[in-house]
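Student: Just passing along the structure, written as structure tokens.
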Amino acid sequence: MNIAFSILTVVVIGLIPWIGTTAVNLQYLFGIIIPYAAVIIFLLGVVYRIVKWGKSPTPFRIPTTCGQQKTLPWIKQNRIENPSNVVGVIIRMALEILAFRSLFRTTRAELKEGPRLAYGGFPWLWLAALVFHYAFLTVVIRHLRFFLDPVPFFIAWLARLDGLLEVGLPVYMLSGFALFAAVSYLFIRRVVVPQLRYISLAADYFPLFLILCIAGTGILMRYFFKVDVISVRELAVSLAGFQPKLPDNGIGGVSYLFYMHLFYVSVLVAYFPFSKLMHSGGIFLSPTRNLANTNRAVRHINPWNYPVKVHTYAEYEDDFREQMKEAQIPVERD
Amino acid sequence: MYDSGKIIAGLVIFIILITFPFWYNHGKASIAPDRVLPKDQKECVEEISYMTSSHMQLLNDWRTSVVRDTNRIYKNKKGKTFSMSLTNTCLDCHSSKADFCDKCHNYLAVVPYCWECHLTEKGNP
């Protein structure tokens, strides 16, 4: 059900620009207005989400860590897993963001002969996630050759590295295929493992299908049904230079593939701040990762403590001094 | 907001990175270079729109055909035959690599490896 709904949504999203640029001439809408709108939604949405998260107090350090915290001098501290200062936190965050360290801890329970329950390391999710994210990053940076004017040197280097095998012309870019394969794995995993299928929602499948479609249309455009990349760059540069203009002769070749690709990307970018994809911002704000474990070393004051109105004994005595004297209760002050 | 200094600094860095293409281009939009087409010829090996988007594929097929199958004769869709040769056929009409090839390739930062083996101009190593 969730899968069917997501597939249907992605197909409809693909049909919109196809009809919009072949049956109706809405190139201006799909080439200029929607991409700009998507970028604005993306930027405002991300800022909104981060600021909203920033408003949540983190009154106490959460020591859900996997290492010995700083304690007596003869007990060895694990400085990266359970840091007590900023340097340790920076190393822990860097490893988390760049190497997905906590994902590497994924384990799988297996029933072995006996029967005996065994938990073993399961690196495949981590590996696929790593391949997926870095391939996507490479693809995004490579695409800057369409937007930047002049093209910086490192983009040509990256393209050279990516097309290292020098197979075919245009040269096969490894990142595109790696991206497609990794996303396919991440999808198949959700379908094949029953527990995962049970907890997977449309919001889990939809981004995967969207990225599959983006990679798919991109691969089709590069290797099979070519578009005129010069016109594509003309459009992209005009967008980045705030002088939007459709190329005079349109996007040559199979242009609806290009508009489908662009529309899929626009949808992904606009959908980003309101979806699980915000984990890219959220990882920086993970309280279990970005706070040094100083629970005992430093005093932490609960930020939502309000000032409590207290009534001291001295004030109490002032209120009832006469009555207390009458009843012969000793008073501190006459 | 809590830790607002760090969060706002992070957001500013994020926005600067994401909007990199916008400020890198200084609000300018360069126009694609004009191709200098040969004056004495009207038709290329295949249709011009096909050549624009797929010339690299054609050249790659030519290379395979020549190097692997020792077949140097190319028959186009109209039935006209050509000798499969970058230097002798392509560069015969498109005589200036700088004017014809490089302009678009540089515009897109494409570095084709044709010229690692092929000579750019006839008889001029």
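Chains as they are written, first to last, in the working numbering: chain A, 13 to 346; chain B, 948 to 1072.
Note that CB positions come from ideal geometry on N, CA and C, so glycine has one too.
Remember, it's a predicted structure, so these values are computed and weren't measured experimentally.
1. Against residue 974 (chain B), what residues of chain A qualify as contacts under a CB-to-CB distance less than 8 Å, listed in chain order?
2. At the 9 Å Cβ level, is residue 70 (chain A) part of the contact set with chain B, yes or no?
3. What residues of chain B sit near residue 157 (chain A), judged by a beta carbon separation below 7 Å?
4. Go ahead and label residue 1009 (chain B) buried or exposed: buried means 16 or more other beta carbons lie within 10 angstroms of its beta carbon, across all protein chains shown.
5. For residue 84 (chain A), which three-state DSSP category applies?
6. From residue 1024 (chain B) to residue 1064 (chain B), what distance separates their C-alpha atoms?
7. Would you please verify whether the beta carbon of residue 215 (chain A) is less than 9 Å from any beta carbon of chain B?
8. Is residue 120 (chain A) close to the ligand ZN? I mean its beta-carbon at under 8 Å from any heavy atom of the ligand.
9. For the alpha helix (DSSP H) that residue 122 (chain A) lies in, which residues bound it at each end?
10. Of all Cβ atoms in chain A, is any one closer than 9 Å to the Cβ of residue 1047 (chain B)?
11. What are the residues of the region 101-127 of chain A that lie near chain B, defined by any Cβ-Cβ distance shorter than 9 Å?
12. Could you confirm whether any beta carbon from chain B is found closer than 9 Å to the beta carbon of residue 172 (chain A)?
13. Which residues bound the alpha helix (DSSP H) around residue 978 (chain B)?
14. Does DSSP put residue 130 (chain A) in a helix, in a strand, or in coil?
15. Just the Cα atoms here: how many angstroms apart are residue 286 (chain A) and residue 13 (chain A)?
16. When burial is assigned at 16 or more other CB atoms within 10 Å of the CB, is residue 308 (chain A) buried or exposed?
17. Quick test of your reading: residue 18 (chain A) and residue 218 (chain A), contact by CB under 8 Å. State the CB separation rounded to the nearest angstrom.
18. Whose C-beta lies closer than 6 Å to the C-beta of residue 130 (chain A) among residues of the same chain, with five residues either side of it excluded?
19. By Cβ distance, which residues of its chain are closer than 7 Å to residue 1041 (chain B), with the 5 residues on each side in sequence left out?
20. So for residue 997 (chain B), helix, strand or coil by DSSP?
21. Determine the chain B residues that contact residue 67 (chain A) at a beta-carbon separation under 9 Å, and present them in chain order.
22. Since residue 991 (chain B) meets chain A, which of its residues come closer than 9 Å, beta carbon to beta carbon?
23. Give the range of the beta strand (DSSP E) segment to which residue 1030 (chain B) is assigned.
24. Should the region 237-249 of chain A be regarded as contacting the region 969-986 of chain B, the criterion being three or more beta carbon pairs within less than 8 Å?
25. Name, going along the chain, the residues of the region 1020-1052 of chain B whose beta-carbon falls closer than 8 Å to a beta-carbon of chain A.
26. Return yes when the Cβ of residue 229 (chain A) is within less than 9 Å of the Cβ of residue 276 (chain A), no when it is not.
27. Can you pull the chain B residues whose beta carbon is under 9 Å from the beta carbon of residue 311 (chain A), in chain order?
28. So that I know if they touch, is there some Cβ in chain A lying closer than 9 Å to that of residue 977 (chain B)?
29. If you drop the 5 nearest sequence neighbours on each side, which residues of the same chain put their C-beta closer than 7 Å to that of residue 1071 (chain B)?
30. Is there a Cβ from chain A that is less than 9 Å from the Cβ of residue 956 (chain B)?
31. Whose C-beta lies closer than 8 Å to the C-beta of residue 956 (chain B) among residues of the same chain, with five residues either side of it excluded?
32. Determine the contact status of residue 1000 (chain B) and residue 64 (chain A), defining contact as a CB-CB distance below 9 Å.
33. For chain A, is any of its Cβ atoms less than 9 Å away from the one on residue 1012 (chain B)?
34. Counting only C-beta atoms, is residue 1071 (chain B) closer than 9 Å to chain A at any point?
35. Could you give the residue range of the beta strand (DSSP E) that holds residue 235 (chain A)?
36. Is the beta carbon of residue 189 (chain A) closer than 9 Å to that of residue 233 (chain A)?
Tutor: So, from the listed chains and residues:
1. By Cβ distance, chain A contributes 253, 254, 255.
2. Yes, residue 70 (chain A) lies at the interface with chain B (some Cβ there is under 9 Å from its Cβ).
3. Ordered by position in chain B, the residues that pass the 7 Å Cβ test against residue 157 (chain A) are 1055, 1056.
4. Burial call: buried.
5. Coil, per DSSP.
6. About 29 Å.
7. No - not a single Cβ of chain B is within 9 Å of the one on residue 215 (chain A).
8. The model depicted lacks the ligand ZN and carries no ligand whatsoever.
9. Per DSSP, residue 122 (chain A) belongs to no alpha helix (DSSP H); it is in the beta strand (DSSP E), 119-124.
10. No, no contact with chain A.
11. Residues: none.
12. Chain B, which has a Cβ nearer than 9 Å to the Cβ of residue 172 (chain A), makes this yes.
13. Membership of residue 978 (chain B) in any alpha helix (DSSP H) is not indicated, and neither H nor E is assigned to it by DSSP.
14. If DSSP states are grouped into helix, strand and coil, residue 130 (chain A) belongs with the strands.
15. Their Cα atoms are separated by approximately 22 Å.
16. Residue 308 (chain A) should be labelled exposed.
17. Sure, about 4 Å apart at Cβ, within 8 Å.
18. Short of 6 Å from the beta carbon of residue 130 (chain A), and not among the five residues preceding or following it, lie these beta carbons of its own chain, in chain order: 122, 124.
19. Only 985, 1047 meet the Cβ criterion.
20. Here residue 997 (chain B) carries a helix assignment [DSSP, helix/strand/coil].
21. By Cβ distance, chain B contributes 948, 949.
22. Result: empty, since nearest Cβ-Cβ is about 15 Å, beyond 9 Å.
23. For residue 1030 (chain B), the enclosing beta strand (DSSP E) starts and ends at 1028-1030.
24. Yes: the two stretches touch, three or more of their Cβ pairs being nearer than 8 Å.
25. The region 1020-1052 of chain B vs chain A, Cβ under 8 Å: 1051.
26. It is a contact, given that the beta carbons lie within the stated cut-off.
27. One finds nothing in chain B with a Cβ atom closer than 9 Å to the Cβ of residue 311 (chain A); even the nearest lies about 17 Å away.
28. Chain A contact via Cβ: present.
29. In this predicted model, residue 1071 (chain B) has a pLDDT of only 47, less than 50, meaning its place in the structure is not dependable enough to derive any value.
30. No Cβ of chain A is located within less than 9 Å of the beta carbon of residue 956 (chain B).
31. Here residue 956 (chain B) has no same chain residue with a Cβ atom under 8 Å from its own Cβ, once five neighbours each way along the sequence are excluded.
32. Taking a C-beta distance under 9 Å as the contact criterion, residue 1000 (chain B) and residue 64 (chain A) do not qualify as a contact pair.
33. Closer than 9 Å to the CB of residue 1012 (chain B) there is not a single CB belonging to chain A.
34. With a pLDDT of 47 at residue 1071 (chain B), under the threshold of 50, the modelled position of this residue cannot be trusted; read the value that follows with caution. For residue 1071 (chain B), the nearest beta carbon of chain A is not closer than 9 Å to its own beta carbon.
35. Note, residue 235 (chain A): premise wrong, no beta strand (DSSP E); not H, not E.
36. Contact flag unset, no.
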